[in-house]
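Engineer:
Number of protein chains: 2
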Amino acid sequence: MEELRAAVVPGMVHWASPNFFAFFPATNSAAAIAGELIASAMNPVGFTWLAAPAATEVEALALDWLAQLLRLPPAFMGRHCGAGGGVILGTTSEAMVVTLVAARDAALRRAAAGRGGSGGLLPRLAAYGTDQTHSTFSKACRVVGLDPSSVRTIPAGAETQCINAHCYLKHCMQADVDSGLVPTYVCATVGTTSTNAVDPIGAIADVAREFGAWVHVDAAYAGGACICPEFRHHLDGVERVDSISMSPHKWLLTCLDCTCLWVRDTRRLTDSLLDTNPVYLVKKDAAGEPVGSTDLKDMQVGIGHRFRGLKLWMVMRTYGASKLQQHIRSDVAMAKMFEARARDDEWFEVVVPRRFALVCFRVRPRGGMTEQEADEAGRELMARVNRTGKAFLASTVVGGRLVLRFAVGSTLQEQRHVRSAWELIKKTTADILQGAGTAGIQGPIH
Amino acid sequence: MEELRAAVVPGMVHWASPNFFAFFPATNSAAAIAGELIASAMNPVGFTWLAAPAATEVEALALDWLAQLLRLPPAFMGRHCGAGGGVILGTTSEAMVVTLVAARDAALRRAAAGRGGSGGLLPRLAAYGTDQTHSTFSKACRVVGLDPSSVRTIPAGAETQCINAHCYLKHCMQADVDSGLVPTYVCATVGTTSTNAVDPIGAIADVAREFGAWVHVDAAYAGGACICPEFRHHLDGVERVDSISMSPHKWLLTCLDCTCLWVRDTRRLTDSLLDTNPVYLVKKDAAGEPVGSTDLKDMQVGIGHRFRGLKLWMVMRTYGASKLQQHIRSDVAMAKMFEARARDDEWFEVVVPRRFALVCFRVRPRGGMTEQEADEAGRELMARVNRTGKAFLASTVVGGRLVLRFAVGSTLQEQRHVRSAWELIKKTTADILQGAGTAGIQGPIH
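Protein chains in written order, with UniProt numbering: chain W, 1 to 446; chain X, 1 to 446.
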């Protein structure tokens, strides 16, 4: 413990600090940490139902509860209808990989049935995202063997930063079909990493259906907000998609890792990911009858499976819907406060409408300052603020311009931390613009 | 906590119980649990070096220490030579997927350079395992888009349960080349799941080199034993392979999940898995210079990365090489004790030589009993023993015959638990063979 304090802690970036406003917050709670602790001590390997029945059941229960909070259609709930359900994975990327594999194999089977063989068809399967979709999507496409040239990047609208499904997506899919490609998978994002833009899920699903493509919704961060009725409309249309993932380790007080994936039909996953069940992993009871739910190993890339469901179960059971909603609303209120200050301040502009708890702002070009100089001032502002160690910001680029990201929501954050950060930002900007001026700006930091 | 005790705990299979002899043990320790607890509380998202420098550095350090314990060649150590290094993943399957992707893309690039394009070549890449390789290997091959018909299953020797590289592997690869396939990847296993067989790594590497195929060593379980000099010879030849993975969450007292992957050249991973580095993830210091080590996100499927290195660092720092070796040796001694009793007993036979802490035994067909009846007696023995709740065994099939697996090594196990299990097995067998006889045997349990 002495070495830990002396050698490790000083080299950390403290994601748990209330002065952390970079990336997205990794929220946490006593219930989640206790859940992780107990899971680590029990240490079951829940690859099959038989290997740890309660581990599988708790995971299925937690997923169903969260699906209810999100008002997902019953089709996604393992304990309601027939075929739906889900699995808790480590990252959104894994959720993309397993659904991509399922969509890929389904497309190959369909093509094979129509043409008497799927040989050589893989390079002709096309997948679709936007220039605002997380870069991990194109990486996931590469992992499952799609041809990089068949992974389409649809331009997001300049105003909305989201996709115009009926226009661009449909046009792109039709053009691909005309040139012999097979539209296979669309990734829609609810709350993009850069600016929290929201793709129109329903419209995308309608277009994709015409072409038989799988629609996956990545709601990693903003999905957390959708447990509040006032944000739920961002998921409208989800009843027509094939799968959706969101990560309670981002905004729902559950420590890493916990990415929930729901699919309308788990058989579409297990068709591709069923492990061949060697003798030591078969699932039969003493009478030789199959027992238990779908084995978790058959809905993921690996075999071993940590007991991630426990912490999510404990978070929901401990705090309940109302406390979780209150937590989201408190973060959003703090972000609104920061947004109002930035919007009303002569030195700043808010670049895109704030939807959740992320404020995207920049130095406003004024008094003869060029856009380029405003970008430079923003870079210098971030560098100086981050060097103080009293607040940590990140940046992105929107429409070619540098934009600062102020992400509220670190678990210990209170209004006073947001106010202090605002004052630090304001004072530092004053130093830059009134003091040394842009002439004093040093090299960029990102 | 009350609900946990009432509703979850009774439904668990207690992997931490000293009476657990099924599958492979998931060993654990106070240091590992403390490490997981602290990592959960700090909760950094170590996707890039900049996002949590100490998280990346501790992981690299822990991997290097473990590589030293295993006497891996310096080429695999990130802090020694230039290009080597590793990453801690969740499962062996992920280690297979990332190395398969790297090998796949390298083969496609080579083929493209030689033929002016890689189009359509993917279905012709061939990968090789044996009928004793874990089934997750063929699943990993499917995930990365290899054609299932190009994933070869080499028959393992009936005696050794391992591959004859110079004969079968070489012959199979040559035949594939002759028919236009491209040998791309070989998975060698040190300690197969079924019987702990060990493939000859050096011989496989020599053959694979002739064909330019990537060799990966899966030492998930038995790699743990190789920290003891008396077992290290099982890794002979590792200096000629491309990558090796082993899981301290199996035998090195580190709770789930912790699979260590080392590669000779990390650039071969990052060539395929480099995330495109959106603006919010670039790694430059205030002067715009690149900083830090390889980002962990670029050696794995996902982006988010738990602080898994901490628990492994704490396990090694707390117990040291000698205590870890002592733990392995104590388990092996207990397995030897069980093996001797089974071998010397008229009712049992030991089916394959015990190499580590797994004993594969079965009821010996005697006194007019057929092989089939011996299998049935074994099934009934396992069913009755498992129903007592006083010991938990698993089974496998070797050479068409049912074999019981007695895996020693659950963390709390002592000689008395092994003795009790032996006595229970002995008494139950007596009941079956002398009492009700095989006529009383009920349905099979696996």
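Where a beta carbon is used, it is the ideal one built from N, C-alpha and C, also for glycine. All of these numbers come straight from a predicted model, not from anything done at the bench.
Residues in its own chain within less than 8 Å of X/A286 by CB, not counting five upstream and five downstream?
Structural biologist: For X/A286, the predicted structure reports a pLDDT of 48, less than 50, and the residue's modelled location is therefore unreliable. The matter cannot be settled from this model.
Engineer: Answer with buried or exposed for W/G46, where buried requires no fewer than 16 other C-beta atoms within 10 angstroms of its C-beta.
Structural biologist: W/G46 should be labelled buried.
Engineer: Cβ of W/V97 within 8 Å of Cβ of W/V144?
Structural biologist: Their beta carbons are under 8 Å apart, which means W/V97 touches W/V144 by this criterion.
Engineer: Taking 8 Å as the cut-off, decide whether the C-beta atoms of W/T91 and W/T259 are in contact.
Structural biologist: Cβ distance < 8 Å, so W/T91 and W/T259 count as in contact.
Engineer: Using a beta-carbon distance cut-off of less than 8 Å, what residues from the segment 42 to 70 of chain W approach chain X?
Structural biologist: The segment 42 to 70 of chain W vs chain X, Cβ under 8 Å: M42, N43, P44, V45, L50, A51, A52, P53, A54, A55, E57, V58.
Engineer: List, in order along the chain, the chain X residues whose C-beta lies closer than 7 Å to that of W/G120?
Structural biologist: Going along chain X in sequence order, the residues near W/G120 (Cβ under 7 Å) are G120, P123.
Engineer: Cβ of X/S395 within 8 Å of Cβ of W/D275?
Structural biologist: Cβ atoms of X/S395 and W/D275: not closer than 8 Å.
Engineer: Identify each residue in the segment 236 to 259 of chain X for which the Cβ-Cβ distance to at least one residue of chain W is less than 7 Å, and report them in chain order.
Structural biologist: So the close ones are C255, L256, D257.
Engineer: If you run the structure through DSSP and keep just helix, strand and coil, what is W/C228?
Structural biologist: Note: W/C228 maps to coil in three-state DSSP.
Engineer: Provide the residue(s) that pair with X/P183 in DSSP beta bridges, ordered along the chain.
Structural biologist: Beta-bridge pairing links X/P183 to X/A126.
Engineer: Less than 8 Å between CB atoms is the rule here; does X/R354 satisfy it with respect to chain W?
Structural biologist: X/R354 does not count as touching chain W.
Engineer: If you follow the beta strand (DSSP E) that W/H216 is in, where does it begin and where does it stop?
Structural biologist: W/H216 -> beta strand (DSSP E) spans 214 to 218.
Engineer: Pick from X/V13, X/G84, X/Q415: whose alpha carbon is nearest that of W/W49?
Structural biologist: Cα-wise, what sits closest to W/W49 is X/V13.
Engineer: Mind listing, in chain order, the continuous alpha helix (DSSP H) runs of no fewer than 4 residues lying wholly within the segment 93 to 165 of chain W?
Structural biologist: DSSP runs (the alpha helix (DSSP H)) wholly in the segment 93 to 165 of chain W: 136 to 143.
Engineer: Can you list, in chain order, the residues of its chain whose CB lies under 6 Å from that of W/D199, leaving out five sequence neighbours each side?
Structural biologist: Here the set comprises C162, I163, A188, T189.
Engineer: Am I right that W/V186 and W/V215 are in contact with their C-beta atoms under 8 Å? What's the rounded C-beta distance?
Structural biologist: Their Cβ separation, rounded to whole angstroms, is 5 Å, which keeps W/V186 and W/V215 in contact under 8 Å.
Engineer: What distance in whole Å lies between the Cβ atoms of W/A197 and W/A156, which are believed to be in contact at a cut-off of 8 Å?
Structural biologist: Indeed, because the Cβ distance is near 7 Å, the residues count as touching under 8 Å.
Engineer: Can you round the beta-carbon distance between X/E339 and X/V363 to whole angstroms, since I take them to be within the 8 Å contact cut?
Structural biologist: So it is not a contact: roughly 16 Å between Cβ atoms.
Engineer: Please report the Cβ distance between W/L269 and W/M299, rounded to the nearest whole angstrom; I am assuming they are in contact, meaning their Cβ atoms lie under 8 Å.
Structural biologist: Confirmed, about 5 Å.
Engineer: Check whether chain X comes within 8 Å of W/A106, counting only Cβ atoms and requiring the distance to be less than that.
Structural biologist: Closer than 8 Å: no.
Engineer: By DSSP's criteria, W/F76 is part of a beta bridge. Which residues make up the other side?
Structural biologist: For W/F76, which the question treats as bridged, DSSP gives no partner whatsoever.
Engineer: Among W/Q68, W/C255, W/T184, whose alpha-carbon lies nearest the alpha-carbon of W/T27?
Structural biologist: Selected option, being the one with the closest Cα: W/C255.
Engineer: Which chain W residues sit within Cβ distance under 8 Å of X/A144?
Structural biologist: The sequence given here places Val at residue 144 of chain X; Ala does not occur at that position. Going along chain W in sequence order, the residues near X/V144 (Cβ under 8 Å) are V143, V144, G145.
Engineer: Take the Cβ of X/K139 as the centre, count every other Cβ of all protein chains shown within 10 Å, and call the residue buried at 16 or more, exposed below.
Structural biologist: So X/K139 counts as buried.
Engineer: Using only alpha-carbon positions, find the residue among W/S40, W/A430, W/H166 that is nearest to W/D345.
Structural biologist: When each option's Cα is compared against that of W/D345, the closest is W/A430.
Engineer: Can you tell which of W/F307, W/V241, W/T370, W/T192 has its C-alpha closest to the C-alpha of W/A205?
Structural biologist: Comparing Cα positions, the closest option is W/V241.
Engineer: Looking only at its chain, what residues have a beta carbon closer than 8 Å to the beta carbon of W/A113, apart from the 5 residues adjacent to it on each side?
Structural biologist: Around W/A113: no qualifying Cβ.
Engineer: Checking contacts by CB at 8 Å: is X/G11 closer than that to chain W?
Structural biologist: It does: the Cβ of X/G11 has a partner Cβ on chain W nearer than 8 Å.
Engineer: What residues match up with X/I328 in a beta bridge as DSSP calls it?
Structural biologist: In DSSP, X/I328 forms no bridge with anything.
Engineer: So, is the C-beta of X/G180 closer than 8 Å to a C-beta in chain W?
Structural biologist: Answer no: the Cβ-Cβ gap between X/G180 and chain W never drops below 8 Å.
Engineer: Less than 7 Å between C-beta atoms, sequence neighbours within five positions excluded: which residues of the same chain meet that for W/F231?
Structural biologist: Hits under 7 Å: A225.
Engineer: Check whether the Cβ atoms of X/R379 and X/L402 sit closer than 8 Å, and answer yes or no.
Structural biologist: Yes, they are a contact pair.
Engineer: Which residue wins for smallest C-alpha separation from X/L70, given the options X/R79, X/G35, X/I244, X/R109?
Structural biologist: X/L70 has its Cα closest to that of X/I244, out of X/R79, X/G35, X/I244, X/R109.
Engineer: For X/F392, list the residues DSSP reports as bridge partners.
Structural biologist: Answer is X/F20.
Engineer: In this structure, how does DSSP classify W/C258 when only helix, strand and coil are distinguished?
Structural biologist: It is coil, neither helix nor strand.
Engineer: Using DSSP bridges, identify the partner residues of W/F406.
Structural biologist: DSSP, once it has assigned bridges, lists W/V359 as partnering W/F406.
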